[in-house]
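Visitor:
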Amino acid sequence: DQVFLYIGMYAEHLEMLSIAFTGESEKGMLNVLNGFKKLHKLKIINCPFGNTTLLTDIGKYETVQSLWTSSWKVTVGGACKTLA
Numbered sequence: 004d005q006v007f008l009y010i011g012m013y014a015e016h017l018e019m020l021s022i023a024f025t026g027e028s029e030k031g032m033l034n035v036l037n038g039f040k041k042l043h044k045l046k047i048i049n050c051p052f053g054n055t056t057l058l059t060d061i062g063k064y065e066t067v068q069s070l071w072t073s074s075w076k077v078t079v080g081g082a083c084k085t086l087a
């Protein structure tokens, strides 16, 4: 989670991020999403994040053009449908 905090703090101009097999809690991913202003592509694979992370402050996804997830604790009828 601490690494994600630093990524969010110092990588505000990052446009693409791929995260795999990492993270300890929802808080880590929220730290990342709170820091990015220009994120266009987000790829998340086998991380412990779920609906809470995806839907918290949903307005932050306005710049995201591509969101790809695999083995993530997200419900299709819940977070995915709301985000779409």
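Everything in the sequence shown is counted per our numbering, starting at 4 for the first residue and increasing by one.
Cβ coordinates follow ideal geometry from the N, Cα and C atoms, glycine included.
Quick caveat: nothing in here was measured; it's all calculated off a predicted structure.
Hey, how far is the Cα of residue 31 from the Cα of residue 66?
Guide: Just so you know, the alpha carbons of residue 31 and residue 66 end up roughly 20 Å apart.
Visitor: To the nearest angstrom, how far is it from the Cα of residue 74 to the Cα of residue 47?
Guide: 9 Å
Visitor: Per DSSP, what kind of secondary structure is residue 58 in: helix, strand or coil?
Guide: helix
Visitor: Give me the residue from 19, 18 and 35 with the minimum Cα distance to residue 5.
Guide: Among 19, 18 and 35, the Cα nearest to that of residue 5 is on 35.
Visitor: Assign residue 39 to one of two classes, buried (16 or more other C-beta atoms within 10 Å of its C-beta) or exposed (fewer than that).
Guide: Buried.
Visitor: Kindly indicate the opening and closing residues of the beta strand (DSSP E) around residue 42.
Guide: Careful: residue 42 lies outside any beta strand (DSSP E) and carries neither H nor E.
Visitor: In whole angstroms, what is the alpha-carbon distance linking residue 57 and residue 19?
Guide: Each residue's alpha carbon lies about 17 Å from the other.
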